[in-house]
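S.K.: Numbered according to the working numbering, the sequence shown spans residues 18 to 163.
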Amino acid sequence: MKKRNWRGVSDKVAKDKSEIYNSRKWKQLTILKKRANPLCEQCIKDGEAIGIPGGYVKSVECVHHIIPIETARTKEEMRRLAFDWNNLMSLCKSCHARIHKELGSNTAKIVRQRAEARQDRWADNLMSKFVKQEDNDSDHQGQEGS
Numbered sequence: 018m019k020k021r022n023w024r025g026v027s028d029k030v031a032k033d034k035s036e037i038y039n040s041r042k043w044k045q046l047t048i049l050k051k052r053a054n055p056l057c058e059q060c061i062k063d064g065e066a067i068g069i070p071g072g073y074v075k076s077v078e079c080v081h082h083i084i085p086i087e088t089a090r091t092k093e094e095m096r097r098l099a100f101d102w103n104n105l106m107s108l109c110k111s112c113h114a115r116i117h118k119e120l121g122s123n124t125a126k127i128v129r130q131r132a133e134a135r136q137d138r139w140a141d142n143l144m145s146k147f148v149k150q151e152d153n154d155s156d157h158q159g160q161e162g163s
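1) One question on the structure: do V80 and C57 come within less than 7 Å of each other, judged by their Cβ atoms?
2) What are the start and end residues of the beta strand (DSSP E) that includes L46?
3) Assign K34 to buried or exposed, taking buried as 16 or more other Cβ atoms, counted over all protein chains shown, within 10 Å of its Cβ.
4) Using the Cβ count rule (16 or more neighbours within 10 Å means buried), how would you classify K143?
5) Quick check on the DSSP output: the alpha helix (DSSP H) that includes L56 runs from which residue to which?
6) Given 8 Å as the limit, is there contact between the stretch 79-97 and the stretch 109-122, that is, 3 or more CB pairs closer than that?
7) Alpha carbon to alpha carbon, how far is I48 from Y73? Give it in angstroms, no decimals.
8) Near V30, what residues of its chain come up, given a Cβ to Cβ distance below 7 Å and the 5 sequence neighbours on each side ignored?
9) Are the beta-carbon atoms of L98 and K50 separated by less than 7 Å?
10) Based on DSSP bridge pairs, tell me the residues matched to V80.
11) Using the C-alpha atoms, what's the distance from P85 back to L120?
12) Give the C-beta separation of I37 and R90 to the nearest angstrom, bearing in mind that I take them to be a contact with Cβ-Cβ under 8 Å.
13) Please classify S107 as buried or exposed, where buried requires at least 16 other C-beta atoms within 10 Å of its C-beta.
Here is the structure:
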């Protein structure tokens, strides 16, 4: 059984995620994103939602993945999500914390659901092999009795 960390993510996924966040490519991408969007995109959205375009908008401190990279099924998909410009959002710390608080349990839940689905598929596959074997055995017994 895979060991899981506090977010419900396997150690392997956490290691892959750490490699991405410690990479030169990620650090350069975050600098570019912060330069391209120097104001918090969520603060801007929130201000527009209440009818105050550009209301109280903070400067960017974090780059956030809109689709969490730990929800990826493969390492390649994780890397694609991590470095996809359209999956990034420039945020201030308070908006980033709020979004993660709202999504946090959902991200871990998605990862757990996928793991359970994999286990279910494995069990279904094993059972279908077992049933096929029983069918073959009964066919052979029926032929011998004739």
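Just so it is clear, CB atoms sit at the ideal spot from N, CA and C, and this is done for glycine as well.
M.R.: Reading off the structure:
1) Along the sequence shown, one-based indexing puts residue 80 at 63. Along the sequence shown, one-based indexing puts residue 57 at 40. Their beta carbons are not under 7 Å apart, which means V80 does not touch C57 by this criterion.
2) On the sequence shown, residue 46 is found 29 positions in, with the first residue counted as 1. If you look at L46, you'll find it isn't in any beta strand (DSSP E); it sits in the alpha helix (DSSP H) that goes R41 to A53.
3) Against the sequence shown, residue 34 aligns to sequence position 17. Buried: at least 16 other Cβ atoms inside 10 Å.
4) Here residue 143 refers to the residue found at position 126 of the sequence shown. Lys is not the amino acid found at residue 143; the sequence shown has Leu there. The residue in question, L143, is exposed, as its Cβ has fewer than 16 Cβ neighbours within 10 Å.
5) Counting from 1 along the sequence shown, the entry for residue 56 is found at position 39. L56 -> no alpha helix (DSSP H), and no H or E assigned at all.
6) The answer is yes - the stretch 109-122 touches the stretch 79-97, with three or more Cβ pairs under 8 Å.
7) Translated into the one-based positions of the sequence shown, residue 73 becomes position 56. Translated into the one-based positions of the sequence shown, residue 48 becomes position 31. Rounded to whole angstroms, Y73 to I48 spans 23 Å at the Cα level.
8) The residue given as residue 30 occupies position 13 in the sequence shown. Spatial neighbours of V30 in its own chain (CB-CB distance under 7 Å, excluding positions within 5 residues in sequence) are listed in chain order as E87.
9) Here residue 98 corresponds to residue number 81 of the sequence shown, with the count starting at 1. Here residue 50 corresponds to residue number 33 of the sequence shown, with the count starting at 1. Taking 7 Å as the Cβ cut-off, L98 and K50 do not qualify as a contacting pair.
10) Your numbering for residue 80 matches position 63 in the sequence shown. V80 is bridged to S107.
11) Residue numbering aside, residue 120 sits at position 103 when the sequence shown is read from its first letter. Residue numbering aside, residue 85 sits at position 68 when the sequence shown is read from its first letter. Approximately 9 Å, taken between the alpha carbons.
12) On the sequence shown, residue 37 is found 20 positions in, with the first residue counted as 1. On the sequence shown, residue 90 is found 73 positions in, with the first residue counted as 1. About 15 Å separates the Cβ atoms of I37 and R90, ruling out a contact at the 8 Å cut-off.
13) Here residue 107 refers to the residue found at position 90 of the sequence shown. S107 is buried by the Cβ-count criterion.
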